[in-house]
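J.: Handing you this structure, nothing more for now.
Protein chains: 2
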Amino acid sequence: MENFIFKNPTKIIFGENTENQVGEEVGKYSKKILLHYGGGSIKQTGLYQRVTASLEKAGIEYVELSGVVPNPRLSLVRKGIKLCREHSLSLVLAVGGGSVIDSSKAIAIGVPYSGDVWDFYSKKAVPEEAIPIATILTIPAAGSESSSGSVITNEDGWYKRPVNSEFIYPKFSILNPTLAFSLSKYQVACGASDIIAHLLERYFTNTQNVELTDRLIEATLKTVINNVSIIMENQNNYEAWSELMWAGTIAHNNLLNTGRIGDWASHDIEHELSGIYDVAHGAGLAVVFPAWMKYLYKHDINRFAQFAVRVWNIDYSHWSPEKTALEGIKKLSSFFKFLGMPSNLEELGISDDRLEEMADKCTNSDTSTVGNFVKLGKTDVFNILKLAGN
Amino acid sequence: MENFIFKNPTKIIFGENTENQVGEEVGKYSKKILLHYGGGSIKQTGLYQRVTASLEKAGIEYVELSGVVPNPRLSLVRKGIKLCREHSLSLVLAVGGGSVIDSSKAIAIGVPYSGDVWDFYSKKAVPEEAIPIATILTIPAAGSESSSGSVITNEDGWYKRPVNSEFIYPKFSILNPTLAFSLSKYQVACGASDIIAHLLERYFTNTQNVELTDRLIEATLKTVINNVSIIMENQNNYEAWSELMWAGTIAHNNLLNTGRIGDWASHDIEHELSGIYDVAHGAGLAVVFPAWMKYLYKHDINRFAQFAVRVWNIDYSHWSPEKTALEGIKKLSSFFKFLGMPSNLEELGISDDRLEEMADKCTNSDTSTVGNFVKLGKTDVFNILKLAGN
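As you go down the protein sequences, you meet chains A and B in turn. Heads up, the first sequence is in the numbering used here, so the first residue is 1 and it goes up one at a time. Heads up, the second sequence is in the numbering used here, so the first residue is 391 and it goes up one at a time.
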């Protein structure tokens, strides 16, 4: 196990009707806020009305900024920063999924910064402060509701880049599983695939002696697999959504990578796909991850065999651990297929004419590598994309 | 799953040599502190010297209060409160195990309170503030390094009573697994038994649909069982201590009871044993818990069977789930025995002449019950103590 520091200060408020507490909770930090959300869906479901009623009851003024899209854009972030400064708003309340939350985090670090907020994403600067953020989660997926991360897409060149900072942990996040009832089957599947990917990125490590976190990740994976399967049959199953929603948060709040070094190559490769083609993050991951696995499982057959046995209940072959390892990868692919996810780039609507460009961008023209489990250069990334092709 | 709120603000600093960061970390909160510890063992191991060197380097003044004993006493807590007030000390640094940390927490809530600190433990008052606490953990066991709880024994009547308050989460806790190398085998076993008990108290619940937390608890239990077994063979195994130390924290930081109602009868019953007879908490729990299980496993045979199958790898008997359940309880008893823990009250040095007195005290003369899985009155507690007898 590696030395580590772990601290996650986000307060989780979990359960039915908890969105009605938002005004009271926000009031502990601010009386004038930015209310940030996506399209109109929160108005159709009545969530918008409940949230604004709670804010008004608590005497909280709010300025609205809607229009966040999947793979959230830098231009809207800049608009949010301007609004906060003009109206002296001192908290960003995100009502939505990971895109809305990530956009809110970008606004929150941008407001007190004198330079351009993209500096943080292009690694020219490091955030040193932020205005507070709070969230009401509507899509279990990104884990951004209790994470220190934010991913933003710069339309100028379609770069999709992450920031990590202790200053962007939400002060509180409200998780009401019923808010997910209205998602489309495709959104549910993309969300679950993202959660599974967060767990796998942490699972595939070279750190030795990580029994506790191995087992905690496996426990969370099994729970996600079982409960999203129930939801695919019955979208309004509160209990299954409770499991999936809480698992989605735990999958990405950094507890499960304490003392171990995760991989993250599949996320970096997927960022190139969704940066250029604007595909759904979860769908991209469902294509990239199995290809990544097939490309390099021989690096540690025992770890892949453990994954197969403990997560997928596959009988261990004492004569061919490799066979066991491969069966685990196959099970994962089949599961993504069962969820209705694409199996290859072709099904994602991506042809093979820009694979080299993506491999190049991902590795800064082959001057850097992605991933930790195996460090991948441009040729590796190209080969993985090729393998994901069709 | 039940609605819940989860927030744990303690910063964990984990790994070798991390105690040398204590001065710098303390300096973020205070320049004049109470250094609180037990007997002289931290001087023999050199920990005291490293801690005070780090404090001095950071310009932190400290007043010392040693002498904390297992089942920490109210009289020393009062002494600590007096010292903090006299010298204007604004943080309590606990260097030790759960007893030292619990004593520090009691001091921390006592300092700003105008009444007597026992008011909090006798439920006459609720803490509304505290001076900050920080810890350097030397014994993986109580989980107090990242919990909101403190248990103190009042020598006047030998009452052992708990307090829970959000104000007593440590600001930071330093966990260096090598600090546990010098523990006696008996201390190791008591610590592991306490950790196992914290997990079991959370596991046995009537809350339905708690798959994620069930699996996380099982993952943590398996890790504790595997790694304390390694430590019993080789006391200086850093990797095994890392697993056990981190598991001990996670077992009691409230993550594993999110959305579910734990039991806690065994802890309440054990508090009577250690209150009167001053036995080690872990040893008391190793005697009480299997007796509690035998007394009431029929309340939910499926849960006990799941415990047997998933934690102890027992084959499920489809013809007799009860047989499976009983095998799980037997495995737990055998494991406590393997650790060198007593199997009954007699081995703990407790005769049967005060069982009724303890049952009476535990249930406030049969006016209240203990436990949630099954609510136990005086007769139930007496029967469990009788079953634990020999």
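Glycine included, each C-beta is placed from N, C-alpha and C at the ideal position.
Taking the beta strand (DSSP E) that R605/B belongs to, which residues open and close that run?
T.: Here the question's residue 605/B lines up with position 215 in the second sequence. No beta strand (DSSP E) holds R605/B; the alpha helix (DSSP H) holding it covers E601 to E623.
J.: Run through DSSP, which three-state label would V285/A get?
T.: Translated into the one-based positions of the first sequence, residue 285/A becomes position 285. It is worth fixing the name first, because residue 285/A is Leu in this sequence and not Val. In the structure shown, L285/A sits in a helix (DSSP, three-state: H, G or I).
J.: Are the beta-carbon atoms belonging to T205/A and I261/A less than 8 Å from one another?
T.: If you number the first sequence from 1, residue 205/A lands on position 205. If you number the first sequence from 1, residue 261/A lands on position 261. Yes, the Cβ-Cβ distance between T205/A and I261/A is below 8 Å.
J.: Does DSSP put S656/B in a helix, in a strand, or in coil?
T.: The sequence position of residue 656/B within the second sequence is 266, counting from 1. DSSP places S656/B in helix when its eight states are reduced to three.
J.: Put S723/B into one of helix, strand or coil per three-state DSSP.
T.: Along the second sequence, read from residue 1 onward, the residue named residue 723/B stands at position 333. DSSP places S723/B in helix when its eight states are reduced to three.
J.: Is E128/A close to chain B? Criterion is C-beta to C-beta, closer than 8 Å.
T.: Stepping through the first sequence from its first residue, residue 128/A is reached at position 128. Cβ-Cβ to chain B under 8 Å: no for E128/A.
J.: Determine the burial state of K514/B: buried for a count of at least 16 other Cβ atoms within 10 Å of its Cβ, exposed for fewer.
T.: Walking along the second sequence from the start, residue 514/B turns up at place 124. Exposed, by the Cβ-count rule.
J.: Helix, strand or coil for T525/B? Go by DSSP, reduced to three states.
T.: By one-based count along the second sequence, residue 525/B stands at place 135. T525/B: strand per DSSP, three-state reduction.
J.: Please confirm if N313/A has its CB atom under 8 Å from at least one CB of chain B.
T.: The residue labelled residue 313/A in the question sits at position 313 within the first sequence. By this cut-off, N313/A is not an interface position.
J.: Which two residues bound the contiguous beta strand (DSSP E) that contains T153/A?
T.: Taking the first sequence and counting its residues from 1, one reaches residue 153/A at position 153. T153/A -> beta strand (DSSP E) spans G149 to N154.
J.: Can the beta-carbon of V412/B be found less than 8 Å from the beta-carbon of I558/B?
T.: Along the second sequence, one-based indexing puts residue 412/B at 22. Along the second sequence, one-based indexing puts residue 558/B at 168. No. Outside cutoff.
J.: Hey, out of S146/A, I101/A and Y121/A, whose CA is closest to K11/A's CA?
T.: Looking up residue 11/A in the first sequence gives position 11. Among S146/A, I101/A and Y121/A, the Cα nearest to that of K11/A belongs to S146/A.
J.: Per DSSP, K11/A is paired with what?
T.: On the first sequence, residue 11/A is found 11 positions in, with the first residue counted as 1. Answer is F172/A.
J.: Run through chain A and tell me which residues come within less than 8 Å of I395/B, C-beta to C-beta.
T.: One-based indexing of the second sequence puts residue 395/B at position 5. Residues of chain A passing the Cβ test: K11, I12, I13 and F14.
J.: Name the chain B residues whose beta carbon is nearer than 9 Å to that of N227/A?
T.: As a working mapping, residue 227/A is identified with position 227 in the first sequence. In chain order: E601 and L602.
J.: Say whether chain A places a C-beta atom closer than 8 Å to the C-beta of T648/B.
T.: On the second sequence, position 258 is the one that residue 648/B refers to. Closer than 8 Å to some Cβ of chain A, the Cβ of T648/B qualifies, so yes.
J.: Does A778/B come within less than 8 Å of chain A when only Cβ atoms are used?
T.: Numbered from 1 along the second sequence, position 388 holds the residue referred to as residue 778/B. Not one chain A Cβ lies under 8 Å of A778/B.
J.: So, are the CB atoms of A192/A and L244/A less than 8 Å apart?
T.: What you label residue 192/A is simply residue 192 of the first sequence in a count that begins at 1. What you label residue 244/A is simply residue 244 of the first sequence in a count that begins at 1. The answer is yes: Cβ separation under 8 Å.
J.: Whole angstroms are fine: how far does the CA of D546/B sit from the CA of T757/B?
T.: One-based indexing of the second sequence puts residue 757/B at position 367. One-based indexing of the second sequence puts residue 546/B at position 156. In a straight line, the C-alpha of T757/B is about 22 Å away from that of D546/B.
J.: Residue range of the beta strand (DSSP E) that R161/A falls in?
T.: On the first sequence, position 161 is the one that residue 161/A refers to. Its beta strand (DSSP E) spans residues Y159 to N164.
J.: Which residue wins for smallest C-alpha separation from T153/A, given the options R202/A, Y277/A and I81/A?
T.: Looking up residue 153/A in the first sequence gives position 153. Nearest option by C-alpha distance: Y277/A.
J.: To the nearest angstrom, how far is it from the Cα of K433/B to the Cα of G638/B?
T.: If you number the second sequence from 1, residue 433/B lands on position 43. If you number the second sequence from 1, residue 638/B lands on position 248. Their backbone Cα atoms lie some 24 Å apart in a straight line.
J.: My assumption, with CB atoms under 8 Å, is that A393/A sits in contact with C190/A. Please give the rounded CB distance.
T.: No information on residue 393/A is available, as it lies outside the stretch 1 to 390 that chain A covers here.
J.: F289/A: which of K57/A, I329/A and V188/A sits nearest, CA to CA?
T.: The count along the first sequence starts at 1 and reaches residue 289/A at position 289. Among K57/A, I329/A and V188/A, the Cα nearest to that of F289/A belongs to I329/A.
J.: Take every Cβ of the region 228–242 of chain A, pair it with every Cβ of the region 304–323 of chain A, and state whether three or more of those distances are shorter than 8 Å.
T.: The region 228–242 of chain A, when compared against the region 304–323 of chain A, does not touch it at the 8 Å Cβ threshold.
J.: Considering Cα atoms alone, identify which of Y297/A, D380/A, L376/A and S242/A is closest to F14/A.
T.: In the first sequence, counting from the first residue as 1, residue 14/A sits at position 14. Answer by Cα proximity: S242/A.
J.: Anything in chain B within Cβ reach of K222/A, meaning under 7 Å, just list it in chain order.
T.: Here residue 222/A refers to the residue found at position 222 when the first sequence is read from its first residue. The contacting residues are R605.
J.: Using C-beta distances below 7 Å, list every residue in its chain close to M656/B, excluding the 5 sequence neighbours before and after it, in chain order.
T.: What you label residue 656/B is simply residue 266 of the second sequence in a count that begins at 1. At residue 656/B the sequence reads Ser, which differs from the Met that was named. Cβ within range, chain order: A587, E591, L675, V678, F679 and W682.
J.: Between T18/A and chain B, is there a C-beta pair that is closer than 8 Å?
T.: In the first sequence, counting from the first residue as 1, residue 18/A sits at position 18. Answer yes: the Cβ-Cβ gap between T18/A and chain B drops below 8 Å somewhere.
J.: In its own chain, which residues sit with a C-beta less than 7 Å from the C-beta of A106/A, not counting the 5 before and 5 after it?
T.: As a working note, residue 106/A is residue 106 in the first sequence. Only V77, V117, S150 and I152 meet the Cβ criterion.
J.: Using the Cα positions of N647/B and I174/A, report the straight-line distance between them to the nearest angstrom.
T.: Mapped onto the second sequence, residue 647/B falls at position 257. Mapped onto the first sequence, residue 174/A falls at position 174. The alpha-carbon atoms of N647/B and I174/A are separated by roughly 18 Å.
J.: Less than 8 Å between the CB atoms is what I'm expecting for V404/A and V51/A, so what's the real figure, rounded?
T.: Outside the shown range of chain A, which is 1 to 390, sits residue 404/A, and nothing can be said about it.
J.: Out of curiosity, what's the CA-to-CA distance linking T769/B and T753/B?
T.: Within the second sequence, the letter at position 379 stands for residue 769/B. Within the second sequence, the letter at position 363 stands for residue 753/B. Approximately 10 Å, taken between the alpha carbons.
J.: Is E239/A close to chain B, meaning its C-beta is less than 8 Å from at least one C-beta of that chain?
T.: In the first sequence, counting from the first residue as 1, residue 239/A sits at position 239. Taking Cβ atoms only, chain B reaches closer than 8 Å to E239/A, which makes this a yes.
J.: What residues match up with V92/A in a beta bridge as DSSP calls it?
T.: For the purposes of this step, residue 92/A is taken as the residue at position 92 of the first sequence. DSSP lists L34/A and I133/A as partners of V92/A.
J.: Based on the DSSP output, what are the partners of F396/B in its beta bridges?
T.: Translated into the one-based positions of the second sequence, residue 396/B becomes position 6. I12/A.
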